[in-house]
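Here our numbering is used: the first residue of the sequence shown is 5, the next is one more, and so on. A virtual CB, placed ideally from N, CA and C, is assigned to each residue, including glycine. What follows is one structure encoded as structure tokens, with my remarks underneath.
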Amino acid sequence: MERLWGLLQRAQQLSPRSSQTVYQRVEGPQKGHLEEEEEDGEETLAHFCPMELKGPEPLGSRPRQPNLIPWAAAGRRAAPYLVLTALLIFTGAFLLGYVAFRGSCQTCGDSVLVVSEDVNYEPDLDFHRGTLYWSDLQAMFLQFLGEGHLEDTIRQTSLRERVAGSAGMAALTQDIRAALSRQKLDHVWTDTHYVGLQFPDPAHPNTLHWVDEAGKVGEQLPLEDPDVYCPYSATGNVTGELVYAHYGRPEDLQDLRARGVDPAGRLLLVRVGVISFAQKVHLGTGDPYTPGFPSFNQTQFPPVASSGLPSIPAQPITADIASRLLRKLKGPVAPQEWQGSLLGSPYHLGPGPGLRLAVNNHRTSTPINNIFGCIEGRSEPDHYVVIGAQRDAWGPGAAKSAVGTAILLELVRTFSSMVSNGFRPRRSLLFISWDGGDFGSVGSTEWLEGYLSVLHLKAVVYVSLDNAVLGDDKFHAKTSPLLTSLIESVLKQVDSPNHSGQTLYEQVVFTNPSWDAEVIRPLPMDSSAYSFTAFVGVPAVEFSFVEDDQAYPFLHTKEDTYENLHKVLQGRLPAVAQAVAQLAGQLLIRLSHDRLLPLDFGRYGDVVLRHIGNLNEFSGDLKARGLTLQWVYSARGDYIRAAEKLRQEIYSSEERDERLTRMYNVRIMRVEFYFLSQYVSPADSPFRHIFMGRGDHTLGALLDHLRLLRSNSSGTPGATSSAVFQESRFRRQLALLTWTLQGAANALSGDVWNIDNNF
């Protein structure tokens, strides 16, 4: 009876008027929280702020009203209120429990977390506009991107002088930083590095002369321009006979020897293309005078010469001079695939007449500036999705850097407009304009070296906009395997710039059903994206539209003008640049917005399996020597099991559990880092990635070594006494490869108590 009496008294207190709870801002020390107040009759609109969800106040916390009704009458009149009260309490408790279970409000400015059944929900600053879904974000992005002026920005940038270290570059740096500061970005800053760059000596220009059989220096051959040179070339004078060496790759030199033409002690004529100037001359990226270390202040770190610096002089020449040289060559006819279009008659390998080359370039300590702009993430601000473009160029650099710079600026403007209209990414977006790119990705590599300890923990993906438009016939994505599935998804969302009514994906599969074989390419060393993956262990991608039948002929020359690029694309430059911007932008939205990172960590199992097929070719030769590859097979199996186990964990987990989601994202975003060999020094072997790096620890080096098992026994021309299979070296290579792969499997498994391998 006492319990019933208490309930009736409480019902009495509820009966005189109806009330509802609203939230209002609390000023003063409690600012940022909400308190409850009761309102009569009309509904009151409240401003929604970051809040803490609280339970109902204690029932006895409000002052009681006088009891004016006798006990019996109260019982009869309160009965309906008892039922109503019970329903209200039940409903309120249920809703409170539901909200607490699904997740409470994130403290993110003046926004409130709006729960949606869509995995890719997005909170909006304006509550009454509702939730932003993927289709909303896509439409918003395309709308704001379409309001830009890409073509004008490309033209204007290509007209500006922007050699690294020049006065023109200093002015452009200030203009771009000012442009970023005008946008709705959370942070804008500049990072300065003092790097050793090489420039021509105006007082002693580089020269090329004919030399007769007696060794007497004859007529001087005109070079293209005193300002055209090979950075980091060795200096000095060299004399020798001329030999044609195709692209100058190691396999080209080996082919020359096999055809009876020894390149040693001779001047080599090599073609531009296929591999970069860096690979023909400077075997690395970044400042070669601070290898493996950042160039923040060279007064503290005296310069040393990188082992990647070339020991031979090099100099670019014009097509006209190349034709004159080729006409003088004798000897064997070059293979069909070595033939070019400079002459009507076939190219010969040589040797030819003597030449004397003098290179007088000099090294100068030069400040370079990278420019940064950041939109902070809502719930994972310490994880960065990075997009960058080279800003500098030796000449007009329309295709080389003006296109990428223009697209970068348009993406900054577009995402800034989206932020103003309610978009706030889950992860931070970091926009970067690189300096010193024409010297071998110096700006990007120095930044990576300076923040190596941070970036491998925080950088999710790098997207490069360099060399984005070199044609419009074919589309290539030079990338890490982790991004392949995401690229496929985005290709289905972007219209082809030259095939009306088709997406880029439909354009590709129309000619080749195996879309990835048609589109996906490995990352080249001359790309800023390469160091992100091979040096830091961050998955990266560089997009390129190219011509079907030939490479863009003006790259790395002073003819890389806006007019020539526009002509090569037959007026479609704006449409192709817009397609690249759409690709990059939608990729950024997915990477910064999706609750679970869309990186396909299982792909590396396929990569390892494909490479093991190459290793299997030598299993018989190894068995005859008492050696085996079994440990690599076991490590590969453990990686595949770990990937499948993680996939099942994610599938069966509660998708709204923020703690679990962050744990999974951390494991996923570090997969690329797992493939950096932890058993070699970053200073001695900076590109530690076992699949994409350079050095004895890589799978490529192991395969090259295993091929010596066959070449030595078959007497292949060109094999030297030092090029023999060494069992001790093989065992070390196998250990480095196996333990890196096994370490990746263990890391993907999660905590140490979750590791379950058969190694």
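On the premise that I375 lies in contact with T194, defined as a C-beta separation below 8 Å, what is that separation, rounded to the nearest angstrom? Going by Cβ atoms, the distance from T194 to I375 rounds to 5 Å, so yes, they are a contact pair.
Is the region 154-172 close to the region 333-348, with three or more CB pairs under 8 Å? Under the 8 Å Cβ criterion, the region 154-172 does not count as touching the region 333-348, having fewer than three qualifying pairs.
Which residues in the same chain have their Cβ closer than 7 Å to the Cβ of D229, if we skip the five residues on either side of it in sequence? Cβ neighbours of D229 beyond the five flanking positions: K562.
On the premise that F605 lies in contact with L486, defined as a C-beta separation below 8 Å, what is that separation, rounded to the nearest angstrom? 7 Å
Can you tell me which residues form a DSSP beta bridge with A544? The partner list for A544 (beta bridge, DSSP) reads Y466.
Reference H701; option with closest CA among S715, T368, F679, L713: F679
Enumerate in chain order the residues of its own chain whose CB-to-CB distance from P70 is below 6 Å, with the five nearest sequence positions on each side excluded. Note that P70 scores a pLDDT of 43, beneath 50, so its modelled location is shaky; the value from the coordinates is reported in the next line. Same-chain partners within the cutoff: there are none.
Would you mind working out which of V542, T368, D708 sits nearest S457, comparing C-alpha positions? V542
In the DSSP output, what is E341 paired with across the bridge? Note: E341 is not bridge-paired with any residue in the DSSP secondary-structure output.
According to DSSP, is S437 part of a helix, a strand, or is it coil? strand
Alpha carbon to alpha carbon, how far is Q394 from A639? Give it in angstroms, no decimals. 39 Å
Relative to the alpha-carbon of L330, which residue among E155, P355, P314, R714 has its alpha-carbon at the smallest distance? P355
Select from V285, D259, T211 the residue whose C-alpha is nearest the C-alpha of S237. V285
Is it buried or exposed for K334, if we count other Cβ within 10 angstroms and need 16 for buried? exposed
N241 lies in the beta strand (DSSP E); which residues open and close that run? N241 -> beta strand (DSSP E) spans 240-248.
Using CA atoms only, rank isn't needed, just tell me which of A749, L141, G754, V756 is closest to R428. L141
Within 10 Å of its beta-carbon, does S753 have 16 or more other beta-carbons around it, so buried, or fewer, so exposed? buried
Work out the CA separation of P350 and R599 for me, nearest whole Å. C-alpha separation (whole angstroms): 59 Å.
Neighbour-count burial assignment, Q746, 16 or more Cβ in a 10 Å radius: Taking every protein chain shown into account, the CB of Q746 has 16 or more other CB atoms within 10 angstroms, so this residue is buried.
For the region 471-489 against the region 234-248, do three or more pairs of beta-carbon atoms, one drawn from each stretch, fall closer than 8 Å, so that the two count as touching? no
Distance between S299 and G454 (C-alpha atoms, nearest Å): 8 Å
Throw me the rounded Cβ distance for the S420 and L189 pair, which I believe falls under 8 Å. 6 Å
Simplified DSSP state of E223, which is helix, strand or coil: The answer is strand: DSSP assigns E223 an E or B state.
By the DSSP assignment, the beta strand (DSSP E) with Q375 in it spans what residues? As written in the sequence, residue 375 is Ile, which differs from the Gln given in the question. That run of the beta strand (DSSP E) goes 366-379.
Does the region 369-385 come close enough to the region 540-559 to have 3 or more Cβ pairs within less than 8 Å? No: the two stretches stay apart, fewer than three of their Cβ pairs being nearer than 8 Å.
Quick check: the Cα distance between F536 and D291, rounded to an integer number of angstroms? 16 Å
Looking at the unbroken beta strand (DSSP E) that takes in F622, where does it start and where does it end? Premise fails: F622 is in no beta strand (DSSP E) and is neither H nor E.
Span of the alpha helix (DSSP H), counted from its first residue to its last, around R360: Judged by DSSP secondary structure, R360 falls outside any alpha helix (DSSP H) and instead within the beta strand (DSSP E) spanning 358-363.
Taking the alpha-carbon positions, what's the N364 to P320 distance? Approximately 14 Å, taken between the alpha carbons.
Does the contact criterion of 3 or more C-beta pairs under 8 Å hold for the region 569-580 versus the region 468-479? Flag = yes, the region 569-580 and the region 468-479 touch.
Own chain partners of D625 with C-beta closer than 6 Å, once the 5 adjacent residues on each side are dropped: So the qualifying residues of the chain are L713.
Where DSSP assigns a beta bridge to L257, which residues make up the other side? Answer by DSSP bridge pairing: none, since L257 is not bridged.
How about the region 727-740 and the region 665-675: do they share at least three Cβ pairs that are nearer than 8 Å? no
How big is the Cα-Cα spacing for V389 and S596? 6 Å
Indicate the three-state DSSP secondary structure (helix, strand or coil) for K482 in the structure shown. strand
Please state whether the Cβ-Cβ distance between A326 and L273 is less than 8 Å. yes
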